[in-house]
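Report on one structure; see the data block that follows.
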Amino acid sequence: MHILHLSPEVISITCQGLEYRDLVCLRATCRALTGPATDAIRVKAWMVQIYSDCVINNVRAIGEEESIFQDYWFKDRFQHHFPQWLEGNLVDVRLDMSLDHNQKEDGLLALKHLASKLANAHIDVVGDYNVDKNEFKQLVEIVATSTPNMTFGAKIYMNGAIGIFFIPDKVTRLSIYYGRSVGDFPQFSPTSRCQVYLEILGGDTEQVLDLLHNARQNTRNLSLAKVTLKDIPLTDPLMSRLETLEFDSPKLEGCLRSTPIPPTKGITCKSMKELVTTSLEEFSYFTSPSLRDVRLVFTDRWSREGNFIGLQRLKEALERCPSLTRVKIEAREHNLDSADTEDYWRELFVCFVHLEDLEAVIINSDSPITGDCLDTDLIFLGKALPRLHTFCATDEFGHSYELGDGEIDSEYL
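Below you can see the structure in the form of structure tokens.
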């Protein structure tokens, strides 16, 4: 298959990291890439919205620093001054859509013009684009009637019910945001391969369950890449649904504190690669043999019995995810006696020793990270974990401990 037979989005992603000489070699390898075809691969266009006017403000040839042109206004002179050399080229366009009604109308008009002028393009509709039923219908129609070689990505905020609309197969990425009212989930054709990102910011748990059920029924061939739940009560039925859907990258924000009765048991997500939570308790509910990246807020306190309440639970939670390669922790310690500070951080560092695949650890603490032997502890950790190339522990008081290439860099800023 020649590279030009691929979708514009795939070609654009492939070539973004190539320098000019690499593109010349690619042209020599693929006979289809001659003349204008080479230019098609090198062009990337960005369009942003300024004062309710749509403008291409930057078009660069990949591997070159100088812009081909800047500040090209679309609104009144679009049809008369649209650069003809762009029409046959591969172009990656970013279209910012605003919440303002007039700006949304301008954005839809610009999108319609782009779809009619550009034959080989990937267009990303981003920004605070809050759609109602009529606007969503217009957006779908523009995409559906565009040229066969176009692909689209969109980031939209659902504003109430949108009715039954089928998302065209040309949409390759779709981020959907639901506010306090959980609305409809769009329909997709059986042949769609769209990546879907869901963010649900509050709402009734039953509504969220219905939405996730509809997503499951209508996305058999799709990739539900990321799901963010914010202030959604973390009930047992919801946990079961998360386990069934096998999301790659769930993110939970304040879900447990919104839960009157916490779940009685955890879940195992075999395909989960990334997890973001706002508490250790939320993290503790998940077990994943394939988890690579975790970010969490870890709150701990020094008890009257003379032990660290959260460290053992953190260690147990990490042990259930043996494939971790990256851990980022926002550490918040309360009533941590200064005399026991060194022991505390030594115990925290030991929590990572069993993670053989670990490559990076980042810790930000609101308590001082101090101790006479912490350098030795870090060296031991580096020797125990051969793949660890980055360890950075900093606090709000200017203390910093970094491990890189087997060397320790500790300082007080």
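The sequence shown begins at 1 in full-length UniProt numbering and counts up one residue at a time.
Even for Gly, the Cβ is constructed at its ideal location relative to N, Cα and C.
To the nearest angstrom, report how far apart residue i and residue j are at their CA atoms.
i    : j    : result
D124 : K133 : 20 Å
V327 : A121 : 37 Å
S175 : D92  : 18 Å
Y401 : F283 : 25 Å
N214 : I329 : 34 Å
D231 : R332 : 21 Å
I309 : T341 : 14 Å
G254 : R295 : 14 Å
V275 : L211 : In the sequence under discussion, the amino acid at residue 275 is Leu, which differs from the Val named in the question. If I take the Cα positions, the gap works out to 21 Å.
S240 : T191 : 28 Å
G153 : R173 : 5 Å
V350 : V196 : 38 Å
D300 : R94  : 44 Å
A393 : N364 : 6 Å
T268 : A317 : 12 Å
A144 : T151 : 10 Å
F78  : C194 : Since pLDDT at F78 reaches only 44, below the 50 mark, its modelled position is unreliable, and the value read off the structure follows with that caveat. Near 31 Å, if we compare the C-alpha coordinates of C194 and F78.
C30  : Y285 : Its pLDDT being 46, under 50, C30 is placed unreliably in this model, and the coordinates cannot settle the point.
S323 : G107 : 44 Å
C321 : E246 : 15 Å
Quick check: residue i and residue j, are their CB atoms within less than 8 Å of each other?
i           : j    : result
T147        : A110 : no
Y178        : I156 : no
L358        : G382 : no
residue 428 : D395 : Examination of residue 428 is not possible in this model, given that the chain is present from 1 through 413 alone.
K265        : D248 : no
F166        : Q138 : no
P262        : L256 : yes
K112        : I142 : yes
H334        : A360 : no
I385        : L355 : Note that residue 385 is Leu in the sequence shown here, rather than Ile. Yes, these two residues count as a Cβ contact at 8 Å.
When the Cα of residue i is compared with those of the options, which residue comes out closest?
i    : options                   : result
G203 : S367, P233 and H213       : P233
I362 : A225, M272, T325 and Q312 : T325
I369 : H399, V227, Q207 and L252 : H399
L252 : Q217, R313 and T278       : T278
R313 : L212, D343 and E347       : E347
L280 : S288, F298, L311 and L355 : F298
L209 : C194, R387 and P237       : P237
L198 : L242, S189, D169 and P168 : L242
Can you give the beta carbon distance from residue i to residue j, rounded, assuming they're within the 8 Å contact cut?
i           : j    : result
residue 417 : T205 : As shown, the chain starts at 1 and ends at 413. That puts residue 417 outside it, with no answer to give.
V171        : I200 : That belief does not hold up - the Cβ atoms of V171 and I200 are roughly 20 Å apart, past 8 Å.
D293        : K273 : 7 Å
D96         : V126 : 6 Å
F290        : S271 : A small correction: the amino acid at residue 290 is Ser; Phe does not occupy that position in the sequence shown. Confirmed, about 6 Å.
Just reading off the beta strand (DSSP E) that residue i is part of, what are its end residues?
i    : result
L348 : Here L348 belongs to no beta strand (DSSP E); instead the alpha helix (DSSP H) covers T341 to V350.
F152 : T151 to M158
A384 : It is not in any beta strand (DSSP E) - A384 instead sits in the alpha helix (DSSP H) that spans L374 to A384.
For residue i and chain C, any beta-carbon pair shorter than 8 Å?
i    : result
E342 : Structure shown: chain C not included; a single protein chain is present.
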